[in-house]
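Numbering (our numbering), first residue to last: 1196 to 1479.
What follows is one structure encoded as structure tokens, with my remarks underneath.
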DNA sequence: ACACTGCCCTGCGAGC
DNA sequence: TGCTCGCAGGGCAGTG
């Protein structure tokens, strides 16, 4: 599923391809995922003729700026993909929407599970969206001290807290499991029981795992590719994600365990990530 | 304000 | 081989 590194990878691959392109038409069909401050058919009319001026990322949102004060905001959710193809290319599998450019290029949105969203928003709505989202974990403001201050007030499970987009924007299930493993912290730990050393390790792990994943153009395990069809290489570097109950800990060899936190499948090593401090519950 | 649950959606793999 | 069933989970609404 696309998280911050995957969305950033898509952003970078789209920059050269579609910035400066003039929109000829938006084709939505009966896909219900086009939403925003107006009806889909009105969105189609509003964006036609406008030029893409920039592509930004905020958390897991891709913001495609137009030359008025609006943007096309895309969230890929679980299985959404963006591809650029020539206009005469056959429909992609699970194709849901197309932005056709005057140049003859198409930006195609495909999504097996229809969870993804395309939203046409005015600048002030984008500001509002940005205010609902938490800090960018790769921004200078995301420091160990900042994290310590926030975690101090959160009694919930550390994994669920890290997945809270209103606190930190862009972390998802893959990179939270990886970061917690690297930091040696059990996902069920109550966030406000982490000590300063653990928080410093966690902060460092979050940033390093995100940077490394961006470097490798994201994680491709089922369906993620960038807009040129390039597959991310970080999947081969995953240490624990998706392996609970299946494989050994890459560090100590203990069988990785699987549990569920916040409705998400969670893999961890019971030895390298011991449940110490004040456990949220005693399921282990 | 925060924690927690269920919902959306559908291809895929496991099991029989 | 072909069927059924459960799993995958980001964001959001609803509840406590």
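Don't be surprised by glycine CBs; every beta carbon is placed ideally from N, CA and C.
{"Query": "Between the CA atoms of residue 1318 and residue 1259 - distance to the nearest angstrom", "Result": "11 angstroms"}
{"Query": "Contained alpha helix (DSSP H) runs [length at least 4] in the segment 1266 to 1340, N- to C-terminal order", "Result": "1318 to 1327"}
{"Query": "CA-to-CA distance, residue 1364 to residue 1474, given in whole angstroms", "Result": "Unreliable placement is indicated for residue 1474, whose pLDDT of 44 sits below 50; no coordinate value is reported for it."}
{"Query": "Burial state of residue 1471, where buried means 16 or more other Cβ atoms lie within 10 Å", "Result": "exposed"}
{"Query": "Per-residue DSSP class, three states only, for residue 1432", "Result": "helix"}
{"Query": "Whole-number beta carbon distance between residue 1197 and residue 1429, since they are thought to touch under 8 angstroms", "Result": "Not quite, the Cβ-Cβ distance comes to about 12 angstroms (not below 8 angstroms), so this is no contact."}
{"Query": "Neighbourhood of residue 1435 by C-beta, 8 angstroms cutoff - its chain only, sequence neighbours within 5 removed", "Result": "1372, 1373, 1376, 1444, 1445, 1451, 1462, 1463 and 1464"}
{"Query": "Element boundaries [beta strand (DSSP E), containing residue 1462]", "Result": "1459 to 1463"}
{"Query": "From 1448, 1307 and 1302, residue whose alpha carbon lies closest to that of residue 1209", "Result": "1302"}
{"Query": "Proximity winner among 1402, 1454, 1469 and 1286, relative to residue 1224 (alpha-carbon distances)", "Result": "1286"}
{"Query": "The segment 1379 to 1395 contacting the segment 1337 to 1357, beta-carbon criterion three pairs below 8 angstroms", "Result": "yes"}
{"Query": "Cβ-based neighbour list, residue 1346, same chain, cut-off 8 angstroms, excluding 5 preceding and 5 following", "Result": "1353, 1356, 1386, 1387, 1389 and 1394"}
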